[in-house]
Structure formats: structure tokens, C-alpha cells
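Using my numbering, you'd call the opening residue of the sequence shown number 1 and step up by one each time. The beta-carbon is built from N, C-alpha and C at its ideal position, and this holds for glycine as well. Heads up, the thing below is written out as C-alpha cells.
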Amino acid sequence: ASETPSEVTAEIAADPAQDVTATPQPGQAVAHNRDPETEMVLRASATSWVEISRPDGSIVSAWLMRQGDEYTIPGDQDIYLTAGNAGGLEIELIGDEPKRLGEWGETISELPLDPTLLNSRY
């Protein structure tokens with residue numbers, strides 16, 4: 001006999017000793033505490049392809065940003081940005097004006113998303 005989802009939930013609730021702690025698998029995203037002091041915001045003023053990667057080259061995420069899209073970047077992680085049409089992207093560091101990442105149509109590769117480095121570069 002198959003159980004309904006509510007019956008399965010009731011079984012789990014009835015046994016509080018049952019370990020239901022999830023363990024992240026390699027490559028899975030893990031939630032981090034936010035630190036607004038180091039966060040940055042990537043904004044698209046025009047369509048641009050973006051890719052976020054780790055130092056080992058593994059891709060965290062890749063997508064097409066369109067005008068008006070925003071992506072909050074945690075400043076406490078060792079990640080890099082590769083993007084097409086850098087002129088269509090701006091990055092805003094805490095307390096600073098948004099800065100364009102390049103020229104229209106320019107491709108940028110493996111830009112370290114580190115607030116200190118970005119402040120000195122832009």
C-alpha cells in the first residue's frame with residue numbers, strides 16, 4: 001500500500017530521533033550568512049551573458065542578464081566573473097556609485113569578485 005505525503009510526514013514527526021539533516025553534495029549550493037558590508041550588486045543596463053566560476057574553473061552559474069536584472073554577489077567567497085558585453089554591466093560596491101565593467105561588446109574573463117580588488121581597479 002502506498003502512503004500519502006501526509007502519512008509520511010506524520011511518521012517522520014512521530015519519531016523525533018530520526019536524523020533528517022541534509023548533507024550538501026559536491027557541487028551543490030550552500031547557504032551562507034549574508035554580510036552586507038562585503039556584498040556587491042551586479043546590474044545589467046543591457047543584455048549580457050555572465051558566468052560565475054570558482055578558482056578551479058568549475059562553474060557556479062551561467063545565465064543571460066537582461067536590462068534591469070540584478071544579482072547580489074557575496075563578497076566573502078573566492079569567485080570570478082566572465083562576461084560578454086561588459087559595457088552592459090555595472091557593479092556597485094557598498095557605499096560607492098555603480099561602475100561600468102568595460103566597453104560595449106567587450107568580453108571580460110575571470111574578473112575576481114573581491115570588493116578590495118574591485119575598488120582598486122574601478
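Here's a check: name, in chain order, each residue in its chain whose Cβ is nearer than 6 Å to the Cβ of Asp-114, leaving out the five neighbours to either side. none
Taking Glu-103 as the reference, give the member of Gly-57, Arg-54, Tyr-122, Gly-88 with the closest Cα. Gly-88
Would you mind stating whether Glu-106 and Ser-45 have Cβ atoms separated by less than 8 Å? no
Just the Cα atoms here: how many angstroms apart are Trp-49 and Tyr-71? 13 Å
Taking Cβ to Cβ, would you say Pro-55 is nearer than 8 Å to Asp-78? yes
Locate the beta strand (DSSP E) running through Ser-53, then write down its first and last residues. 48-53
If I'm right that Glu-92 touches Val-41 with Cβ under 8 Å, what's the distance once you round it to whole angstroms? 5 Å
Three-state secondary structure (DSSP) at Thr-107? coil
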